[in-house]
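So the structure is just underneath, and the comments pick up after that.
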Amino acid sequence: MQRDNLEVLIGADRIHERIRELAAQISNDYRGRHVCLVGILKGSWVFLADLIRSLDLEVSVSFLGVASYGKGTKPSGEVKITLDLDDSIEGKDVLVVEDILDTGETFRYLQGVLGAHQPRTLRSVVLLDKPARRTQPVHADYVGFTIPDAFVVGYGLDFAQKYRNLPDVCVLHPEQPKA
Ligand code: IMP
């Protein structure tokens with residue numbers, strides 16, 4: 019595997035430590051309630067898999083597939099659903115699980131789509147928050163790490179479908195054109 023242009027930003031140990039902290043906070047906030055986790059594919063599934071195992075709650079899991087990026091590192095400006103929910107979230111306590119909050123376009127779109135299903139509550143947890151590039155007035159209820167304006171991969175996040183399997187969150191430095 020090519021790792022030449024990758025620089026570790028958040029190591030696996032720190033990620034797992036922070037997820038345990040987030041899970042403790044979420045378990046406390048939702049104590050005694052059944053929480054319906056909605057994982058946003060594809061980027062969130064590694065995070066969701068670790069988060070769910072640290073939650074001290076009764077939970078169910080659904081997935082919603084969205085695509086907002088093409089093959090590059092810039093947003094396509096368009097969000098579309100690639101996989102719909104397989105279960106009703108009406109009247110439920112829904113916690114949306116996202117990999118990264120960047121411009122906020124996807125998030126705003128999701129709030130509209132999921133809000134239309136009339137959940138009892140709708141909150142969100144993101145592993146990474148990149149506030150420097152925000153164009154929409156949105157925020158997550160639970161944030162793992164606030165990161166600088168860089169394109170990151172690993173721990174579920176991809177570049178053109180690559181690097182999701184890296185255990186760390188890494189900055190992907192663009193390849194320098196050959197002289
Ligand atoms: P937003 O709509 O700009 O907030 O982008 C949200 C989605 O874009 C995320 O769920 C990711 O799939 C993708 N994305 C944004 N920034 C990055 C990044 O740095 N690396 C990989 N994917 C990203």
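The numbering of the sequence shown is this note's numbering, which starts it at 19 and goes up by one. From the three backbone atoms N, C-alpha and C, an ideal C-beta is built for every residue, glycine too.
Exercise. Evaluate THR124 with the Cβ neighbour count: other Cβ atoms within 10 Å of its Cβ, from every protein chain shown; 16 or more gives buried, anything less gives exposed.
Key: buried
**Item:** Test item: CB-CB of LEU184 and VAL170 under 8 Å
**Value:** no
| query | What's the gap between the Cα of ALA178 and the Cα of ILE165? | reply | 21 Å
- 4-residue-minimum alpha helix (DSSP H) runs that sit fully inside the segment 102–172, ordered along the chain: 123–133
- Query: Would ALA158 be called buried (16 or more neighbouring beta carbons within 10 Å of its own) or exposed?
  - Reply: buried
Q | LYS98 and ILE118 closer than 8 Å at C-beta | A | no
Check: Taking Cβ to Cβ, would you say SER142 is nearer than 8 Å to VAL114?
Finding: yes
| message | I'd like the list of long-range same chain contacts for ALA57, defined as Cβ closer than 7 Å, with 5 residues on each side in sequence excluded. | response | Here residue 57 turns out to be Gly, not Ala, going by the sequence shown. If we look at GLY57 and ignore the five residues flanking it on each side, its Cβ neighbours are TRP63, LEU66, VAL79, PHE81 and VAL115.
- Query: Ends of the alpha helix (DSSP H) at LEU66?
  - Reply: 63–72
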